[in-house]
Amino acid sequence: MSRSEHPTRPAVHGFWEGTGATKTFTHPLDPALLERYVPRDARILDYGCGYGRLTARLAELGYRDVHGVDPSHALIERGRREHPGLPLRQFDALPLPYEDGSFDAALLFVVLGVVTDDADQGALLAELARLVRPSGVLHLSDVPLQSDAHHVRRYDEAAAAEPGRPYGVFTTPDGGLFRHHRPEELRELLWAHGFAVEEERQKETATLHRGERTRSVQLVARRQSGPGQGR
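Heads up, the numbering used here is the position in the sequence shown plus 57, with the first residue counted as 1.
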């Protein structure tokens, strides 16, 4: 796949230029899990890096070639204040200005949960498939559909208010727009764009909203090497 001559932009909700840019991100990185798949000398893309929390963590762990990218001006500006010297860059559009297969691994931590549109998610995964070399790794962390009464009521009310949106898309009282997926949806989306899941874990995780906790899912997927595999 080559870079498109017509850049596209996955919808970036205005929340991430305002209130969202002040939040403390919470999904944990498991260093042992990452090390099992990604060596210290790997070139890594942290897409949706926000204010560079995980980019900085990877640098602390000894990963020497990590590049943080986010569409939000406010989050990248915050990251540059909090982590001066980190390679954090803001790009509005896809494709990103990197060559095909130029990364050994990519992180996608709670990005599909905020890029809520199917077409935008597909465009993003297609771009990561272009950028991650064959046999490279995509490490994804996100929030699956929750089964507790609070979340189910939230999903049902949002679906009734906007029937055309995918189930699991909802708005929080502070203005954030989010999407929770069935884990199989995430696996299918990865497979459709050339990534085969090799490991999956679920754990309880704090949310952006103080006092709330959810189940999170973390997937490690391998970029398939043959033409058309996973598509």
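Quick reminder that beta carbons are idealized off the backbone N, C-alpha and C, glycines included.
Remember, it's a predicted structure, so these values are computed and weren't measured experimentally.
Using beta-carbon positions only, say whether residue i and residue j come within less than 7 Å of one another.
i                : j             : result
arginine 280     : valine 168    : no
alanine 150      : histidine 250 : no
phenylalanine 82 : glycine 232   : no
arginine 270     : valine 254    : no
glycine 77       : glycine 109   : no
threonine 173    : leucine 143   : no
leucine 165      : alanine 278   : no
leucine 185      : leucine 276   : no
Name, in chain order, the residues that DSSP records as bridge partners for residue i.
i                 : result
lysine 260        : Ser273
phenylalanine 166 : Ser198
alanine 253       : Arg279
DSSP state of residue i, grouped into three classes?
i             : result
glutamate 219 : coil
arginine 190  : strand
threonine 173 : coil
tryptophan 73 : helix
glutamine 147 : strand
valine 95     : coil
glycine 136   : helix
histidine 238 : strand
leucine 247   : helix
tyrosine 212  : helix
arginine 110  : helix
threonine 228 : strand
glutamate 84  : The amino acid occupying residue 84 in the given sequence is histidine; glutamate does not appear at that position. Residue state, collapsed to three classes: coil.
Am I right that residue i and residue j are in contact with their C-beta atoms under 8 Å? What's the rounded C-beta distance?
i            : j             : result
arginine 100 : aspartate 157 : Incorrect: roughly 13 Å between the Cβ atoms, too far for contact.
serine 159   : glutamate 74  : The pair is not a contact, with the Cβ atoms about 28 Å apart (cut-off 8 Å).
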